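Notes follow once the structure below has been shown.
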Amino acid sequence: MLSPNELILDFISLIFILTSIILAIIIGIKSYKLYKKNKLNATKIFIWTSFSLAVAMILLTIEQLFLAVLGEEFNQLGLLFGGIATVVSGIVVVCIDAFSFNMVFTNKYKVLSIISAVFMSIPVGFHLFDQEKSVSPAGEIIFEWNPLGMPIPITPFVMYIVIIPLLLIPVLVFFYYAIKIRDQSIYKRNRSIVLGLGILFISLAYIFELVGLPVIVVFFRSFFVIGGTLIYYAMFKMKRE
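132 is the number of the first residue of the sequence shown in the numbering used here; add one for each residue after it.
Here is the structure:
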């Protein structure tokens, strides 16, 4: 059984996750309506990004329900949904990369997106096929396979060295683009900065989701909401020049 403090943390986490799901669905619906008007690839990619993020967050909620709330007898179901959530989260990361590539490197975005997908498949594969996973008393998935005797198990190590760069790439791309066009369009410059900040907050939330320390994770799950709000503002509320 969880302690009262752990239950409070789980309740706060649930609020952040549910808010993030609602926000992602709203952004997805707004993006779909926008795509029917502009038919832009960037908008279509963002539809996939938004709905994939919503699905990933729903799967995360189900995973936590099995692992942290219902108890040890449901661990296998929790691990199953955790694996599915990891696959969908990988799709989200690739979509975010593809969105930034399409916005800035339009002619090369398909090749760059394929490269991103190939790299993302590596940590996803390690997560799925690690045979030494366990569940902590707080309901977090723990990876223990460490055949090389490294300071940390190999699966988290691979996840960190691959996923963190993939998440930071779109942030750097948007900031680079903002600098590049700063004298040409104030609207595009500011929009790129806000998009970059929004993706940065979501990236930080996802990175600390990988760490798995309950107190830290609860705090950084609020970043999903902050990042989603910034992206919503940049996509639909910023006024053109």
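Even for Gly, the Cβ is constructed at its ideal location relative to N, Cα and C.
The structure presented is a predicted model; accordingly, all values stated were derived computationally and were not measured.
query	result
Neighbourhood of VAL219 by C-beta distance below 7 Å, restricted to the same chain and skipping five residues each side	SER183, VAL186, ALA187, LEU190
Cutoff 7 Å; reference GLU194; Cβ partners in own chain excluding five residues on either side	GLY209, PHE212, GLY213, ALA216
Neighbourhood of TYR307 by C-beta, 8 Å cutoff - its chain only, sequence neighbours within 5 removed	VAL235
Any non-hydrogen atom of the ligand ZN within 7 Å of VAL186 CB	As for the ligand ZN, it is missing from this structure, which has no ligand bound.
Buried or exposed by the 16-neighbour rule on C-beta atoms within 10 Å, applied to PRO254	buried
Beta-carbon proximity list for VAL289, same chain, < 7 Å, skipping 5 on both sides	ILE253, PRO254, PHE257
Nearest candidate by alpha-carbon position, reference GLY202, set PHE354, ALA309, LEU138, ALA336	LEU138
Whole-Å CB distance - SER353 paired with LEU297, under 8 Å assumed	22 Å between Cβ atoms; not a contact.
Residue interval of the beta strand (DSSP E) (run including VAL200)	First-last for VAL200: undefined, no H or E at that position.
Sub-8 Å separation of PHE339 and ILE330 beta-carbons	no
Span separating the alpha-carbon of LEU361 from that of ASN172	21 Å
With 16 other Cβ atoms within 10 Å as the buried cut-off, status of GLY280	exposed
Alpha-carbon spacing of ILE285 relative to GLY221, whole angstroms	18 Å
Cβ-based burial, ASN233 [other Cβ within 10 Å; buried from 16]	buried
Where PHE236 falls: helix, strand or coil (DSSP)	coil
Test item: CB-CB of CYS226 and TRP276 under 8 Å	no
Cβ shell of LEU335 (< 7 Å), same chain only, five flanking positions each side left out	PHE351, PHE354
Bounding residues of the alpha helix (DSSP H) (the contiguous stretch that carries LYS311)	285 to 311
Per-residue DSSP class, three states only, for LYS170	coil
Closest residue to LEU154 among ASN238, ILE357, ILE283 (Cα-Cα distance)	ILE357
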